[in-house]
Amino acid sequence: MTANGGGALAAGQVYTKQDSVETTATVWSPCGTNGILNINNRLSLTASSTTAAGELSNDDATVAFTQQLHVSWRPCTPG
């Protein structure tokens, strides 16, 4: 999501972003080991000119994060 020149985000409105990850590929962990889930998130400001100024803050105590996962399970068959 990009906000150019102000608008609702410049006025302090709530930012919401939702992504869906393809579930067509299943990666199985080896028997007896833990699986790893890695989620990356990045926010940045880019100035439109050398005199532009901006602020990015995360000071709202009502931040909510919802995560939905689909987990596949199968018996361990060492091999």
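Throughout, our numbering is defined as the position within the sequence shown, counted from one, plus 35. Ideal Cβ positions, reconstructed from N, Cα and C, are used throughout, including at glycine. Source: prediction; values computed, not measured.
Counting only the Cα atoms, residue 67 lies some 16 Å from residue 107. Within the model, the alpha-carbon separation for residue 64 versus residue 57 is close to 18 Å.
Distance from the CA atom of residue 88 to the CA atom of residue 73, rounded to whole angstroms, is 33 Å.
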